[in-house]
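What follows is a short report on a single structure.
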Amino acid sequence: MFDDTIENKAANDAAAAASAENIDPAASVHEAQAPEEHPIHTTAYDFRAIAIAITGWILPGFGHALLRMWGRAVTVFLAVGFLVYLGAGMRGNLFAPGGEDAFARLGYAADLGTGSFYFIARSLETSGADVSHADGDYGTRFLATAGVLNLLAALHAYEAARRRKA
Amino acid sequence: MIAMVPLHLSHFQSLLLFAVIISLAFGTLGRRDPLERLKYAAWSFAMFVLVAVALGWLMYPVSR
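Chains Z and Y are the protein sequences, given in the same order.
Mapping of the first sequence onto my numbering: position 135 corresponds to residue 140, and the numbering continues sequentially without gaps.
Mapping of the second sequence onto my numbering: position 51 corresponds to residue 45, and the numbering continues sequentially without gaps.
In structure tokens form, the structure reads like this:
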């Protein structure tokens, strides 16, 4: 799905520039793919990327906002927010810690993926979950999907911060 | 505490809402160019709906 990496673009650009100047494209591509990296810079990038991923997880879209990817930040925030709102409105099951079986623990992990929105969903669902109807069952899926989508977005922000994706 | 209005959606309405939201997120995260984003989101949406409806019909004979 995410195939537009910065490395690929850099390699393509280098090859195009090299062919325009009659330089061996393979050599230029090799140079583009192996930039000289300072160890301190790499560690700083890693630390920054992890911090961005964690902030993106806690507040959906904030990781992308820190990277000035405004469109993605707004989309992630609204998508996760709508899914949580719909899931809570449909009285989906919001799993609590200390589940009895593996499914409950997995559901809790997925729900927790929404970060701070988990607590918003908990405050919205004042009358509790009702999975005796199809609405509640769909709501459970909406809440879990919101969490998984937010984790995917946080991972994307992490990769973008490490200059692997754009 | 915020008062929440209970939502009652049909199966198909839930499917459409889910497909729209996830497709838009996939399109925005997965592509950079706005036109590419729109194409990818439309493709994802169509696949979500078509596959769900096809699976529904596939399961229909064993549903009762």
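Where a beta carbon is used, it is the ideal one built from N, C-alpha and C, also for glycine.
Please read all numbers here as calculations on a predicted model, not as lab measurements.
C-alpha gap between residue i and residue j, whole angstroms
i: Y:L32; j: Y:G21; result: 7 Å
i: Z:R110; j: Z:L71; result: 31 Å
i: Z:G92; j: Y:Y54; result: 26 Å
i: Y:F39; j: Z:S128; result: 31 Å
i: Y:D27; j: Y:W37; result: 15 Å
Three-state secondary structure assigned by DSSP to residue i
i: Z:R53; result: helix
i: Z:E105; result: coil
i: Z:V85; result: helix
i: Z:L91; result: helix
i: Y:L18; result: helix
i: Y:E30; result: helix
i: Z:L71; result: helix
Check whether residue i and residue j have beta carbons under 7 Å apart
i: Y:L18; j: Y:A35; result: yes
i: Z:I120; j: Z:W62; result: Note that residue 120 of chain Z corresponds to Gly in the displayed sequence, not to Ile. Going by C-beta atoms, Z:G120 is nearer than 7 Å to Z:W62.
i: Z:D116; j: Z:L148; result: yes
i: Z:A126; j: Z:V89; result: yes
Under 8 Å by beta carbon: chain Y residues contacting residue i
i: Z:F122; result: Simply none; closest approach about 13 Å.
i: Z:L154; result: I16 and A19
Interface partners of residue i on chain Y, CB under 7 Å
i: Z:G3; result: No statement about residue 3 of chain Z is possible, as the shown extent of chain Z runs from 6 to 171 and does not include it.
i: Z:A49; result: Simply none; closest approach about 25 Å.
i: Z:T80; result: L18, A19 and T22
Contact set for residue i: own chain, Cβ-Cβ below 8 Å, skip 5 residues either direction
i: Z:V79; result: G66
Close Cβ partners of residue i (< 7 Å) along its chain, the five nearest in sequence each way excluded
i: Z:E130; result: A93, R96 and L99
i: Z:P102; result: Y113
Residues of its chain near residue i, where Cβ-Cβ distance is below 6 Å and the 5 sequence neighbours each way are ignored
i: Z:L160; result: none
i: Z:A165; result: L72
Proximal chain Z residues relative to residue i, where beta-carbon distance stays under 9 Å
i: Y:F12; result: L88, L91, Y143, R146, F147 and T150
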